[in-house]
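Take a look at the structure set out below.
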Amino acid sequence: MIEILNPTSLPQARETGALVADILQTMRSRSAVGTNLLDIDRWAKAMIAEAGAQSCYVDYAPSFGRGPFGHYICTAVNDAVLHGRPHDYALGDGDLLTLDLAVSKGGVAADAAISFIVGDFTPPESVALISATERALSAGIAAAGPGARIGDISHAIGTVLSEAGYRINTEFGGHGIGSTMHQDPHVSNTGRPGRGYKLRPGLLLALEPWVMADTDELVTDADGWTLRSATGCRTAHSEHTIAITEDGAEILTVAGRAQP
């Protein structure tokens with residue numbers, strides 16, 4: 008299903024998006040050497056509840072996972088890149104941490120992810136990975152707007168990632184979002200311009216470029232959820248939820264404007 012939101016829903020979409028961004032930035036500020044991933048999950052749970060919002064993850068049980076996810080935020084460390092299930096792990100200096108969060112409030116969901124390095128040690132490979140996904144995300148957003156095609160977004164993202172020297176996995180990518188977290192259309196992280204669904208005002212998309220340093224193959228942890236690079240290399244993931252408007256694309260997952 009492709010859902011087109013009524014213009015009156017845009018203020019609520021902005022509020023939900025800002026909440027997601029605020030929680031992610033708070034979790035980033037609290038993520039230090041020695042921080043346990045389970046503490047990050049508990050903090051996220053508390054902020055979601057305090058905002059009167061609902062987690063999109065706790066009861067999420069798609070065909071590719073093993074039962075309900077059971078946690079409030081995805082925490083992926085180093086070679087983990089997607090669906091990182093929080094577990095008893097204390098962050099170390101130089102760890103590359105990806106936080107991915109989706110919540111629903113007022114009937115509208117928003118989804119975003121950030122990757123960053125914990126502590127003072129900043130491995131150049133990790134810096135390059137994060138930079139590539141952030142630049143690809145910006146390119147994808149710039150290609151979005153009324154009348155553009157999904158393929159235009161995919162091509163823009165893929166061009167940045169491939170020019171940076173990374174292989175691109177097409178099993179998981181961006182997606183439509185609205186009253187539920189995962190909807191059509193699928194937004195691959197590479198593609199051909201001028202192809203696919205034509206974007207319309209009221210469409211919400213979660214764009215999420217992600218890469219692995221030296222492979223495009225994934226393996227799944229024994230938890231049935233956490234996806235890692237097949238070679239053990241480092242990974243990064245950046246994501247925003249955007250709204251297609253009459254004027255272009257508006258980033259909804261922007262911190263600082265959530266309502267109390």
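Residue numbering for the sequence shown follows this note's numbering, beginning at 8 and increasing consecutively.
Note that CB positions come from ideal geometry on N, CA and C, so glycine has one too.
Report the residue from the options whose alpha carbon sits nearest the alpha carbon of residue i.
i           : options              : result
residue 59  : 251, 23 and 88       : 23
residue 224 : 37, 10, 44 and 89    : 89
residue 30  : 176, 56 and 188      : 56
residue 32  : 221, 54, 166 and 230 : 54
residue 99  : 45, 78 and 39        : 39
residue 227 : 92, 17 and 194       : 92
residue 49  : 94, 247 and 255      : 94
residue 15  : 165, 115 and 249     : 115
By the three-class DSSP mapping on this structure, what secondary structure does residue i have?
i           : result
residue 55  : helix
residue 15  : helix
residue 174 : coil
residue 197 : coil
residue 266 : Because residue 266 carries a pLDDT of 49, less than 50, the predicted location of this residue cannot be relied on, and the following value inherits that uncertainty. Three-state DSSP puts residue 266 in coil, outside helix and strand.
residue 107 : strand
residue 131 : helix
residue 157 : helix
residue 259 : coil
residue 22  : helix
Which word fits residue i, buried or exposed, when buried means at least 16 other C-beta atoms lie within 10 angstroms of its C-beta?
i           : result
residue 34  : buried
residue 75  : exposed
residue 267 : Unreliable positioning characterises residue 267 in this predicted model, as indicated by a pLDDT of 44, which lies under 50. The coordinate reading is nonetheless provided below. So residue 267 ends up on the exposed side.
residue 21  : buried
residue 176 : buried
residue 263 : exposed
residue 215 : buried
Are the Cβ atoms of residue i and residue j separated by less than 7 Å?
i           : j           : result
residue 253 : residue 208 : yes
residue 51  : residue 80  : yes
residue 185 : residue 194 : no
residue 256 : residue 118 : no
residue 222 : residue 238 : yes
residue 102 : residue 125 : yes
residue 183 : residue 9   : yes
residue 107 : residue 235 : no
residue 218 : residue 28  : no
residue 37  : residue 231 : no
residue 11  : residue 206 : no
Cβ pair count under 8 Å reaching 3, the stretch 237-255 against the stretch 134-154: yes
Segment contact flag, the stretch 194-206 with the stretch 155-165, C-beta cutoff 8 Å, min 3 pairs: yes
Touching by the beta-carbon criterion (3+ pairs, under 8 Å), the stretch 113-131 and the stretch 146-154: no
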